[in-house]
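I have placed the structure first, in the form of structure tokens, so that the comments after it can refer back to it.
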Amino acid sequence: MWRSSRLSRSSHISTQTTKHMDDCIFCKIIKKELPADIVHEDEHTISFLSINPDNDGHTLVVPKEHHVDLITTPVSVLTQLMETCQKVAKGVMKGMEVEGYNLIQNNGAVAGQVIFHIHFHIIPRLSDDGFKHWKGIPYRDAAHSKEVAEKIQRSI
Numbered sequence: 153m154w155r156s157s158r159l160s161r162s163s164h165i166s167t168q169t170t171k172h173m174d175d176c177i178f179c180k181i182i183k184k185e186l187p188a189d190i191v192h193e194d195e196h197t198i199s200f201l202s203i204n205p206d207n208d209g210h211t212l213v214v215p216k217e218h219h220v221d222l223i224t225t226p227v228s229v230l231t232q233l234m235e236t237c238q239k240v241a242k243g244v245m246k247g248m249e250v251e252g253y254n255l256i257q258n259n260g261a262v263a264g265q266v267i268f269h270i271h272f273h274i275i276p277r278l279s280d281d282g283f284k285h286w287k288g289i290p291y292r293d294a295a296h297s298k299e300v301a302e303k304i305q306r307s308i
């Protein structure tokens, strides 16, 4: 279940992208200035257990290079991240003996992003774990969904 304490009221989002940022918790973990239960590390990424897990084995996959969100992260870094997500997800599935997992990535405070260093959550899932998805709200009608799709199409 989602914890309301994860949601930040801050609307400030830095677009700075650098190798490391001095005030970033994940950069401090990468530089070994803060402890973490690391499950995987390679040249480009680091993966460690969440300190606020939704389920045992909830793992964060983080690039070693600091980028704020999906939009500001270079495709080359995203490619490395996804390769690591696949590798770590396999380990989570096998090691935690679970039926599935969620791969989640939040962008912006209103979406639940608390640490402004891009990262993915791999959350192990069991059928009876109590972790529920948000409710889907259907579009009013076909015209409304078409209007929404066109707004996005024009913006891409």
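Going from the sequence shown to our numbering is simple: count from 1 and add 152.
C-beta atoms are modelled at their ideal positions from N, C-alpha and C, and glycine is treated no differently.
Does the separation of the CB atoms of residue i and residue j fall below 8 Å?
i      : j      : result
HIS271 : VAL214 : yes
THR335 : THR197 : A question about residue 335 goes unanswered here, because the residues of the chain that appear run from 153 up to 308.
ARG277 : TYR253 : yes
SER279 : GLU251 : yes
Between which two residues does the alpha helix (DSSP H) holding residue i run?
i      : result
GLY243 : 227 to 248
ILE275 : It is not in any alpha helix (DSSP H) - ILE275 instead sits in the beta strand (DSSP E) that spans 272 to 277.
How close, in whole Å, do the beta carbons of residue i and residue j come, if the pair is a contact with beta carbons under 8 Å?
i      : j      : result
ASN207 : ILE275 : 6 Å
GLY247 : GLY282 : 21 Å between Cβ atoms; not a contact.
VAL191 : SER202 : The Cβ separation is near 11 Å, so there is no contact.
Hey, how far is the Cα of residue i from the Cα of residue j?
i      : j      : result
CYS179 : ASP221 : 14 Å
ILE267 : CYS176 : 8 Å
LYS303 : VAL240 : 36 Å
GLU185 : GLU193 : 16 Å
SER160 : GLY260 : Any answer about SER160 is weak, because its pLDDT of 38 lies below 50 and its placement is not dependable; what the coordinates show is given next. Answer to the nearest angstrom: the Cα atoms are 9 Å apart.
LYS243 : ALA263 : In the sequence as presented, Lys is not what sits at residue 243; that position holds Gly. C-alpha separation (whole angstroms): 27 Å.
ASN258 : LYS298 : 26 Å
ALA294 : GLY288 : 16 Å
PRO205 : SER307 : 36 Å
VAL300 : GLN265 : 24 Å
ALA188 : HIS285 : 28 Å
VAL229 : HIS269 : 12 Å
Could you please give the first and the last residue of the uninterrupted beta strand (DSSP E) stretch that includes residue i?
i      : result
VAL214 : 211 to 215
GLU193 : 190 to 193
SER199 : 197 to 201
Give every residue of the same chain whose Cβ lies closer than 7 Å to the Cβ of residue i, excluding the five residues on either side of it in the sequence, and list them in chain order.
i      : result
MET173 : CYS179, HIS218
LEU233 : THR197, VAL213, PRO215, PHE272
Under 8 Å, Cβ to Cβ, is there at least one residue of chain C near residue i?
i      : result
ILE181 : As a matter of chain content, chain C is missing from the structure shown, which is built from one protein chain.
Among residues of its own chain, excluding the 5 on either side of residue i, which ones have a beta-carbon nearer than 6 Å to its beta-carbon?
i      : result
ILE182 : ILE198, LYS216
SER157 : Note that SER157 has pLDDT 39, beneath the 50 cutoff, so the model's placement of it is unreliable and the number below is only indicative. Answer for SER157: no residue qualifies.
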